[in-house]
Amino acid sequence: MGRKAGVGALGAALLAILVFFAVSSWSRQPVAATPSVQPIAFPHTIHVQTYKMDCQYCHSEARRSEYAGLPSVERCMGCHRITAADRPEVKKLAEYAATRTPIPWARVYKMPEFTYFPHKAHVRADVQCQTCHGPVETMTTVSAQTGPTIVNDLLHLVGLRPASPPLTMGWCIDCHRRENAARGTRAPLDCVTCHH
Ligand code: HEC
Ligand code: HEC
Ligand code: HEC
Ligand code: HEC
Ligand code: HEC
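According to the working numbering, the residues represented by the sequence shown are 70 to 265, in order.
This is the structure we're talking about:
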């Protein structure tokens, strides 16, 4: 009798764990890719640190649109028709320009379709790019750290409140609460503003 009950409890515990894994892996959307292989090895380090170029010189939509945008081949060629024109990676660039093909950059940061993230509001509220994207100026290849982690899920399950991983819903909401309290911004906390 006692032994049977023990097996039942073990079964229930196993089932709970299975359900937990099923649910949590269902919700684990591919928010962002792993460090990406890019068609041209574009170094943020050289452009931002050594040559002090502003982020928005290249990502010029950030201030006025939902997207930050990527620079056109022509914008790169403005410098690279002459600058470092003999280097292999810059020759690839010239190839794209000559054939008028857009560079097929691999996307690094990507939210699921059912969410709405506008750059404009954040840039205008003076949230630094690096707050969300990390120290891009030190990156030779941009990569993202993201996603719910199993450790984080487990800490929540036992009732702790670890900081939400970047790019999760908790991350957006934590910052909105913090900013609204600290400096009276009106970052949304209602579902429909971020989901529609
Ligand atoms: C000379 C132009 C240039 C400058 C200046 C520049 N970037 Fe970029 N950025 C690019 C290009 C080209 C890519 C696409 C290739 C890549 O991902 O490395 C990119 C990619 C990115 C991505 C990843 C986009 C994605 O696919 O999700 C982020 C984030 C980013 N840049 C942020 C910044 C920040 C922050 C700064 C300033 C500190 C900056 N960039 C300055 C050209 C530039
Ligand atoms: C304002 C001028 C400017 C713009 C615009 C610019 N670059 Fe550059 N880029 C430079 C300079 C300067 C260097 C350093 C060259 C050197 O090492 O002598 C460089 C270096 C590079 C290198 C490294 C070359 C090597 O192998 O040493 C690559 C690749 C490159 N740029 C790609 C791009 C791409 C792609 C874009 C457009 C998204 C772009 N650049 C836009 C000025 C620019
Ligand atoms: C509040 C956080 C936050 C700030 C601040 C922010 N970004 Fe982003 N960025 C994101 C998120 C989230 C995505 C993915 C958006 C999506 O998939 O809809 C993204 C995507 C991007 C992309 C790729 C897609 C696109 O929109 O073109 C680039 C490039 C980029 N950001 C550059 C920048 C630059 C440059 C700045 C500063 C001027 C900046 N970001 C400020 C969170 C932020
Ligand atoms: C580092 C802090 C921070 C993070 C992280 C952040 N936000 Fe915000 N968000 C803000 C601030 C500040 C505002 C501007 C509030 C204002 O203008 O008063 C804002 C405004 C917004 C708005 C309102 C846009 C409008 O037109 O009024 C939306 C939508 C939004 N954020 C979505 C998101 C989403 C989705 C994420 C997560 C992917 C996110 N935010 C992450 C700080 C942040
Ligand atoms: C500040 C923006 C923001 C607000 C406000 C917000 N969400 Fe989200 N939500 C997100 C983002 C971003 C994601 C995607 C995160 C991810 O995939 O990890 C998301 C994901 C979700 C998901 C999918 C869960 C998952 O794990 O993939 C559900 C369901 C959801 N939100 C419901 C809600 C409800 C209900 C509300 C209101 C109580 C709400 N959201 C408010 C930004 C927001």
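All C-beta atoms in this analysis are idealised placements derived from N, C-alpha and C, irrespective of residue type, glycine included.
- In this structure, C127 lies near P140, with their beta-carbon atoms less than 7 Å apart.
- Between ligand 3 and F111, a heavy atom-to-CB distance of less than 6 Å is absent.
- Per DSSP, the unbroken alpha helix (DSSP H) holding R193 starts and ends at H188 to R193.
- For the pair E206 and Q118, the CB atoms are nearer than the 7 Å cut-off.
- Distances between the C-beta of F183 and the heavy atoms of ligand 4 are all 6 Å or more.
- Contact check between the stretch 182 to 202 and the stretch 121 to 136: three or more CB pairs, one atom from each, fall below 8 Å, which counts as touching.
- Judged by DSSP in its simplified three-state form, Y178 adopts strand.
- Remark: the C-beta of W174 is in contact range of ligand 1, defined as less than 6 Å to any heavy atom.
- Placement of the Cβ of R144 at a distance of 6 Å or more from every heavy atom of ligand 4 is found.
- In this structure, the beta-carbon distance from I109 to E182 does not fall below 7 Å.
- The C-alpha of G203 lies about 8 Å from the C-alpha of A213.
- Remark: the shortest separation between the CB of E206 and any heavy atom of ligand 2 does not fall under 6 Å.
- Straight through space, the alpha carbons of V227 and G239 are spaced by roughly 17 Å.
- In its chain, beyond the 5 residues on either side, no residue has a beta carbon closer than 7 Å to the beta carbon of C148.
- Between the C-alpha atoms of P235 and C241 there is a straight-line separation of about 8 Å.
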